[in-house]
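J.: Residue numbers (my numbering): 9 to 155.
From the three backbone atoms N, C-alpha and C, an ideal C-beta is built for every residue, glycine too.
This is the structure I want to talk about, given as structure tokens.
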């Protein structure tokens, strides 16, 4: 696992901050070093929001992330803003319920997750963010899914 930098991004109200906090708190309980740094747009709900999470088994030098290992894009503006910054060999997770655009990079692994449909199938559309977080942890093996 070593040192993983993640950007979670989407509209306010999509649970972007909750994804980041949940991952950071889980990593902390697992004995890892973590940081969580939120960033809000001027609007509280419906505006752009993102957070940076660093999960590491070594000391974290800075909580800021400019070239993430993992990007979670819950909407199209987030994909447009951050996709080119993902490190080669990294992962981009796209909420395909909302985003129709395809990622045009061959140096990253792209995961299209139909969060809205999966959440609806589970009986609660509001858990789309946790569906995405499960996909991230499952695909990257960042930590134990049972944590």
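(1) Looking at the unbroken beta strand (DSSP E) that takes in residue 45, where does it start and where does it end?
(2) Residue 35 and residue 63 - do their beta-carbons sit closer together than 7 Å?
(3) Nearest to residue 69 by CA position, among 41, 21, 138 and 121, is which residue?
(4) Would you call the segment 138 to 149 in contact with the segment 106 to 114, where contact means no fewer than 3 C-beta pairs closer than 8 Å?
(5) Any idea what DSSP makes of residue 13, helix, strand or coil?
(6) Going by the beta-carbon positions, is the gap between residue 77 and residue 13 smaller than 7 Å?
(7) Step through the CB atoms of chain B and report whether any lies within less than 7 Å of the CB of residue 39.
(8) Determine, using beta carbons only, whether residue 101 and residue 119 come nearer to each other than 7 Å.
(9) Residue 137 to residue 127, Cα distance in whole Å?
T.: Looking at the coordinates:
(1) Translated into positions along the chain shown, residue 45 becomes position 37. 41 to 48 is the extent of the beta strand (DSSP E) around residue 45.
(2) As a working mapping, residue 63 is identified with position 55 in the chain shown. As a working mapping, residue 35 is identified with position 27 in the chain shown. Closer than 7 Å, so yes.
(3) Indexing the chain shown from 1 puts residue 69 at position 61. Cα-wise, what sits closest to residue 69 is 41.
(4) With the cut-off at 8 Å, the segment 138 to 149 and the segment 106 to 114 do not touch.
(5) Residue 13 sits at position 5 when you count from the first residue of the chain shown. Residue 13 falls in the strand class under three-state DSSP.
(6) Counting from 1 along the chain shown, the entry for residue 77 is found at position 69. Counting from 1 along the chain shown, the entry for residue 13 is found at position 5. Against a cut-off of 7 Å, the Cβ pair of residue 13 and residue 77 comes out as a contact.
(7) Chain labels in this structure do not include chain B; a single protein chain is all it has.
(8) For the purposes of this step, residue 101 is identified with residue 93 of the chain shown, where counting begins at 1. For the purposes of this step, residue 119 is identified with residue 111 of the chain shown, where counting begins at 1. Between residue 101 and residue 119, the C-beta spacing is below 7 Å.
(9) Counting from one through the chain shown, the residue named residue 137 turns up at place 129. Counting from one through the chain shown, the residue named residue 127 turns up at place 119. Using only the alpha carbons, I get a separation of about 9 Å.
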